[in-house]
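Below is one structure, written out as structure tokens; comments come after it.
Chains as they are written, first to last, in the numbering used here: chain A, 17 to 172; chain B, 6 to 166.
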């Protein structure tokens, strides 16, 4: 009887550690999947133009770039669902590859970690669920290439 | 069943203060008789009060005949369902001064509608962006962002050298 009591008390003592060990890997993989949308836009000064597929983005483009450009043509768009550390990308008109990597969410605020690779350019950002940011500046056909990266979490 | 307003109208009509055509004739006659009894008692200096109890019993009897309902007393009121009691209370709430009840109710309704519109408004996601690091082989990186406007997306400019 005493042996059994000792055995059970030992089991109770190690139970929290076992629980932590069992739960730790699952929490490491708990980051939800995300949807990344990369939109490549050719912008330049000139006669006003807005590609039909860019109309939903017009308010943002106007607020961000209208003081610099009036012509916005969509070159390509790609939407991908990615898991943690998943990557997606598009081949840019200048021949280089633009890659976006989803690196999970931050533990406190739930911000999405996104890394960008474009030629020799690298950057890491954190954005809100449903947020958007631009990478811009590569020269192309008398204007520049704007790359909009939109990320949102997918509900399980 | 007569409400407070109709009874009050009948009392005023009996005293000649309101239009008798808008009041119930039986009620008016009852109140008129009561007024006359009171005046007679006051003018003759009688010590005994007029027989109010008898008069009210007569009024209630006529009410019972007219509506087929027995006038409620405290015991019956307690047995009424709560929904009915609340409904009656709300119905009688405006009384003779509907503004006192309708103005707060209108304000409450307006607040509910505005609150619903506030919660149902389309919420735009924040485009606030935190740039943790950047690196480029040649050229310059400029981070253009407006901390005062979270809707304006951040632009990471790459000025080619």
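The C-beta atom is built at its ideal place from N, Cα and C for all residues, glycine as well.
Would you tell me roughly how many angstroms separate the C-alpha atoms of residue 68 of chain B and residue 107 of chain B, rounded to the nearest one?
Locating residue 68 of chain B in the second chain gives position 63, where the first residue counts as 1. Locating residue 107 of chain B in the second chain gives position 102, where the first residue counts as 1. Using only the alpha carbons, I get a separation of about 30 Å.
List the residues of chain B that residue 86 of chain A touches, going by C-beta distances under 9 Å, in chain order.
As a position in the first chain, residue 86 of chain A is number 70, starting the count at 1. Simply none; closest approach about 17 Å.
Enclosing beta strand (DSSP E) for residue 56 of chain A [first to last residue]:
In the first chain, counting from the first residue as 1, residue 56 of chain A sits at position 40. Start and end: 50-60.
So that I know if they touch, is there some Cβ in chain A lying closer than 8 Å to that of residue 153 of chain B?
Start at 1 with the first residue of the second chain, and residue 153 of chain B comes out as number 148. No, residue 153 of chain B lies away from the interface with chain A (no Cβ there is under 8 Å from its Cβ).
Going by the beta-carbon positions, is the gap between residue 121 of chain A and residue 128 of chain A smaller than 8 Å?
Here residue 121 of chain A refers to the residue found at position 105 when the first chain is read from its first residue. Here residue 128 of chain A refers to the residue found at position 112 when the first chain is read from its first residue. Result yes, Cβ atoms of residue 121 of chain A and residue 128 of chain A sit closer than 8 Å.
For residue 91 of chain B and chain A, any beta-carbon pair shorter than 8 Å?
In the second chain, counting from the first residue as 1, residue 91 of chain B sits at position 86. False, the Cβ-Cβ gap to chain A never drops below 8 Å.
Applying the criterion that 16 or more other CB atoms from any shown protein chain within 10 Å of the CB defines a buried residue, is residue 152 of chain B buried or exposed?
Position 147 of the second chain, counted from the first residue, corresponds to residue 152 of chain B. By the neighbour-count rule (16 or more Cβ atoms within 10 Å), residue 152 of chain B is not buried but exposed.
Mapping the DSSP letters down to three states, classify residue 95 of chain A as helix, strand or coil.
What you label residue 95 of chain A is simply residue 79 of the first chain in a count that begins at 1. Of the three classes helix, strand and coil, the one that applies to residue 95 of chain A here is strand, per DSSP.
Assign residue 144 of chain A to one of three DSSP states: helix, strand, or coil.
If you number the first chain from 1, residue 144 of chain A lands on position 128. Note: residue 144 of chain A maps to coil in three-state DSSP.
Among B:55, B:46, B:161 and B:92, the one whose alpha carbon lies nearest that of residue 139 of chain B:
By 1-based counting over the second chain, the position of residue 139 of chain B is 134. With distances taken between Cα atoms, residue 139 of chain B lies closest to B:161.
Express the C-alpha separation of residue 93 of chain A and residue 164 of chain A in angstroms, rounding to a whole number.
Residue mapping note: residue 164 of chain A aligns to position 148 of the first chain, counting from 1. Residue mapping note: residue 93 of chain A aligns to position 77 of the first chain, counting from 1. So the two alpha carbons sit approximately 9 Å from each other.
I'd like to know if residue 133 of chain B contacts chain A, where contact means its C-beta is closer than 8 Å to some C-beta of that chain.
Here residue 133 of chain B corresponds to residue number 128 of the second chain, with the count starting at 1. Chain A, which has a Cβ nearer than 8 Å to the Cβ of residue 133 of chain B, makes this yes.
Among A:74, A:53 and A:110, the one whose alpha carbon lies nearest that of residue 104 of chain A
Locating residue 104 of chain A in the first chain gives position 88, where the first residue counts as 1. For the residues A:74, A:53 and A:110, the minimum Cα distance to residue 104 of chain A belongs to A:53.
Where residue 57 of chain B and residue 117 of chain B are concerned, what is the direct C-alpha to C-alpha distance, given to the nearest angstrom?
Here residue 57 of chain B is taken as the residue at index 52 of the second chain, counted from 1. Here residue 117 of chain B is taken as the residue at index 112 of the second chain, counted from 1. Rounded to the nearest angstrom, the two C-alpha atoms are 48 Å apart.
May I ask you to list the residues that DSSP assigns as paired with residue 187 of chain B?
With chain B covering 6 to 166 only, the question about residue 187 of chain B has no answer from this structure.
By the criterion of Cβ-Cβ separation under 7 Å, what are the contact partners of residue 146 of chain A in chain B?
In the first chain, residue 146 of chain A corresponds to position 130, counting from 1. Those within 7 Å of residue 146 of chain A in chain B are 130.
Any Cβ of chain A within less than 8 Å of the Cβ of residue 126 of chain B?
As a first step, residue 126 of chain B is located in the second chain; it is residue number 121 there, counting from the start. By this cut-off, residue 126 of chain B is not an interface position.
Beta-carbon neighbours of residue 164 of chain B, restricted to chain A and to distances below 7 Å:
Position 159 of the second chain holds residue 164 of chain B. Here the neighbours are 153.
Just mark residue 132 of chain B as buried or exposed, buried being the case when its beta carbon has 16 or more other beta carbons within 10 Å.
What you label residue 132 of chain B is simply residue 127 of the second chain in a count that begins at 1. By the neighbour-count rule (16 or more Cβ atoms within 10 Å), residue 132 of chain B is buried.
With a threshold of 16 other CB atoms inside 10 Å of the CB of residue 115 of chain B, please say whether the residue is buried or exposed.
Your numbering for residue 115 of chain B matches position 110 in the second chain. Its Cβ having fewer than 16 others within 10 Å, residue 115 of chain B is exposed.
Quick one: is residue 42 of chain A near chain B, going by C-beta distance under 8 Å?
Start at 1 with the first residue of the first chain, and residue 42 of chain A comes out as number 26. At residue 42 of chain A the pLDDT is 48, less than 50, meaning the model places this residue with poor confidence and gives no usable figure here.
Considering residue 133 of chain A, what are the terminal residues of the alpha helix (DSSP H) in which it resides?
Position 117 of the first chain holds residue 133 of chain A. No alpha helix (DSSP H) contains residue 133 of chain A, which is instead part of the beta strand (DSSP E) from 128-134.
Minimum length 3: unbroken beta strand (DSSP E) runs contained in the stretch 15-58 of chain B
none
Enumerate in chain order the residues of its own chain whose CB-to-CB distance from residue 64 of chain B is below 7 Å, with the five nearest sequence positions on each side excluded.
For this step, residue 64 of chain B is matched to residue 59 along the second chain. For residue 64 of chain B, where only same-chain residues beyond five positions count, the Cβ hits under 7 Å are 35.
Beta-bridge pairing of residue 89 of chain A - partner residues as DSSP gives them:
Residue mapping note: residue 89 of chain A aligns to position 73 of the first chain, counting from 1. A:58, per the DSSP bridge assignment.
Against residue 157 of chain B, what residues of chain A qualify as contacts under a CB-to-CB distance less than 9 Å, listed in chain order?
To locate residue 157 of chain B, count along the second chain from 1; it is residue 152. Within 9 Å Cβ-Cβ: 76, 79 and 80.
Within 8 Å (strictly less), CB to CB, does residue 150 of chain A reach chain B?
Residue mapping note: residue 150 of chain A aligns to position 134 of the first chain, counting from 1. Yes, contact with chain B.
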